[in-house]
Amino acid sequence: MKTCIKRMELPNGLRVSVYDSTRRYYEDYHLIRLEFVCRVTLSREFFDDRESFEDANRLLGDTAVYRRICEKMGVPYAGIEAARESIITDFVKNALPYFTVESFPRKLVLSEYAKAKEKAGRFGTERGAFRE
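Okay, so the sequence shown: first residue is 77 according to our numbering, each after it adds one.
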């Protein structure tokens, strides 16, 4: 089961949520699994033309989603909380600064749009198939 354990509100209006799906896999050994998620609403200003914006909207829906899964295996029960905090601290230190850059929302949307276009072209997928 996935549970939201933290939300980080950024100065540029974005929010990064941390979801925990930690589980025990053998005796006292646990898999710590945290998923970092940031949603960016598509905006016409991110695109050079209206056609690209509308195409992105059909492929992605109204948001582009950043997802990063971080895992640590073999953690005893007594060390679960410390392992979670360590993973979150590393993410905040190494990845979060990129989210606060003014150009991040646009770059994320355009990157996800390019991936969706490539998949749609490669697999002949109908538009709208990549929505969440």
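Glycine residues also receive a C-beta, built at the ideal position from the N, C-alpha and C atoms.
N- and C-terminal bounds of the beta strand (DSSP E) containing residue i
i      : result
Val177 : Note, Val177: premise wrong, no beta strand (DSSP E); not H, not E.
Arg115 : 105-117
Backbone CA spacing between residue i and residue j [nearest angstrom]
i      : j      : result
Ser179 : Glu103 : 46 Å
Ala192 : Cys80  : 27 Å
Phe129 : Cys114 : 20 Å
Glu111 : Asp124 : 32 Å
Lys82  : Ser162 : 14 Å
Asp190 : Ile145 : One detail in the question is off: residue 190 reads as Ala in this sequence, not Asp. About 21 Å.
Asn170 : Asn133 : 30 Å
Arg198 : Ala140 : 20 Å
Residue of the options minimising C-alpha distance to residue i
i      : options                : result
Met77  : Pro181, Ala190, Arg109 : Arg109
Ser119 : Leu107, Tyr105, Pro181 : Pro181
Boundaries of the alpha helix (DSSP H) in which residue i is found, first to last residue
i     : result
Asp96 : Segment 91-96 is the beta strand (DSSP E) holding Asp96; no alpha helix (DSSP H) there.
Assigned secondary structure, residue i (DSSP; H/G/I helix, E/B strand, else coil)
i      : result
Gly137 : coil
Lys183 : helix
Lys78  : coil
*Tell me, please, whether the segment 146-158 touches the segment 82-93 by the rule of three or more beta-carbon pairs shorter than 8 Å.*
no
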